[in-house]
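Which chain is which? The protein sequence lines are A and B, in order. Just so we're aligned, residue 1 is where the first sequence starts under this note's numbering, counting upward by one. Just so we're aligned, residue 1001 is where the second sequence starts under this note's numbering, counting upward by one.
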Amino acid sequence: MSGTADGDDVLDTAARWRGEGHKVALATVVKTWGSAPRPAGSQVAVRDDGAFIGSVSGGCVEGAVIEGAQDVMRTGRIKQLEFGVSDAEAWAVGLACGGRIEILVEALD
Amino acid sequence: MHQDTLHALNEARHAGRAIVRAVDLATGEERLIDPSNPTSELERAAAAAARADRSEPVEIEGRSWFLSVHNPPLDLVLIGAVHIAQPLSQMAALAGYSVCIIDPRQAFATAARFPGMALSHDWPDEALARKPLGPRSALVALSHDPKFDDPGLAAALRSPCFYIGALGSKKSHAARLARLKAQGFTEDELKRIHGPVGLAIGARSPAEIAVSILAEMTLKLRADGGWERFAVRAQA
């Protein structure tokens, strides 16, 4: 894939879900350090029932991102999440590759 | 993100227009930016990110923004529905290219030989006049036949496409350059054509040659101005 945000299906699906009356949040990789699995711009759309499309990590942190997305859908406030092996919490939802990523989560309102 | 922003973003993407979304990482404030006509500092940063095809964070006047770049897809035009075009079209599609194979010979460019690929039976100059090559386009001439290859290469040389390749030996490439020079192209312009095509990786089979061509296209696309340095190392 190109460095272009690979949101083709993600953004179309997000719009469709919103149109169907779901709450939706978008998570975007905004910064990476080291050997992060997905480049900045990679996106996930999360629906209020936990369904999601896209990827921000290759699968390692998607679970935590979906939780964060559900917070954001409730509060309406943006949120930044950071994952990496240097992070104590990362042992639970860490990146096996040893990279670090920062993710912006926003509600689609 | 506001729904209206998402709809405008999707509309631009479906129309094949490059667009950049800037979001303020502290407040969530957002802007949609047309990278073709930048005026502010933020818009200039967005245009640079679009050129580099790289979504990235930027600091401007004390604010942290993230720029999401949405460029139109890459596209690859193959002149000649020959054997090498089969693995090359499939590999390029996997790498994210929208592929079109041009060959006026209807027996060559068939859906049975190229399942799922866009095929054109027009002459290359006509097909490329209808659907011109842009800065995210590549063209590779594979037919070995000057009456198909040359008009395709001439159209590519007049376009801003990022990669032009032509299959053939050093000898046939020299003859090709002489023909194109006679059409009025300068030596500098002709340097844009990669021939013999592909990185020198010792490729033998059509699939291996396709790998070498796609590798050279990737190098040209991604390694910015430094690609020649990389190419020298790759061939050393």
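Even for Gly, the Cβ is constructed at its ideal location relative to N, Cα and C.
Item                                                                                                           : Value
For D1125(B), the three-state DSSP class (helix, strand or coil)                                               : helix
Residue from K1171(B), R1051(B), T1005(B) and P1073(B) with nearest C-alpha to A1093(B)                        : P1073(B)
Proximity test, Cβ basis, 8 Å: G34(A) and chain B                                                              : no
Candidates D49(A), R74(A) and Q43(A): closest to S57(A) by CA position                                         : Q43(A)
E1216(B), buried or exposed, once every other Cβ within 10 Å from all chains shown has been counted against 16 : buried
Length at least 4, wholly inside the region 1071–1129 of chain B: the alpha helix (DSSP H) runs in chain order : 1085–1094
CB contact check: A40(A) to chain B, cutoff 8 Å                                                                : yes
Secondary structure of H1194(B), DSSP reduced to three states                                                  : strand
Simplified DSSP assignment, three categories, for A1045(B)                                                     : helix
C-beta contact flag for G1152(B) and A1141(B) at 8 Å                                                           : yes
Assigned secondary structure, F1148(B) (DSSP; H/G/I helix, E/B strand, else coil)                              : helix
Assumed close pair D109(A), H1002(B) - CB separation to whole angstroms, cut-off 8 Å                           : 6 Å
Complete beta strand (DSSP E) runs within the region 27–52 of chain A (minimum length 3 residues, chain order) : 43–47
is_contact[M1001(B), chain A] using C-beta, thresh 8 Å                                                         : yes
Neighbourhood of S86(A) by C-beta, 6 Å cutoff - its chain only, sequence neighbours within 5 removed           : Any reading at S86(A) is ruled out, since the residue's pLDDT is 47, under 50, leaving its predicted position unreliable.
Reduced DSSP secondary structure (H/G/I, E/B, other) of E1029(B)                                               : coil
C-beta neighbour in chain B for E106(A), strict 8 Å                                                            : yes
Chain B contact for L26(A) (CB, 8 Å cutoff)                                                                    : yes
Reduced DSSP secondary structure (H/G/I, E/B, other) of V61(A)                                                 : coil
Cα-Cα separation, A1090(B) to R1063(B)                                                                         : This sequence places Gln at residue 1090(B); Ala is not what is there. If I take the Cα positions, the gap works out to 44 Å.
Proximity test, Cβ basis, 8 Å: Q80(A) and chain B                                                              : yes
Contact set between A15(A) and chain B, taken where Cβ atoms lie within less than 7 Å                          : L1006, H1007 and N1010
For E106(A), the three-state DSSP class (helix, strand or coil)                                                : strand
Pair within 8 Å by beta-carbon distance, L1133(B) and S1159(B)                                                 : yes
Counted within 10 angstroms of its Cβ, other Cβ atoms place I1201(B) as buried (16 or more) or exposed         : exposed
K31(A) at chain B interface by Cβ criterion, 8 Å                                                               : yes
Distance CB(A51(A))-CB(L1006(B)) smaller than 8 Å                                                              : no
DSSP three-state assignment for G68(A), whether helix, strand or coil                                          : helix
Contact belief for I1213(B) with G1165(B) at Cβ below 8 Å, rounded distance in angstroms                       : 6 Å
Beta-carbon proximity check, V46(A) vs I78(A), cutoff 8 Å                                                      : no
Interface residues of chain B facing R18(A) [CB-CB closer than 8 Å]                                            : Q1003 and L1006
Assigned exposure category for T28(A) - 16 Cβ within 10 Å defines buried                                       : buried
Whole-number beta carbon distance between E102(A) and V24(A), since they are thought to touch under 8 Å        : That belief does not hold up - the Cβ atoms of V24(A) and E102(A) are roughly 21 Å apart, past 8 Å.
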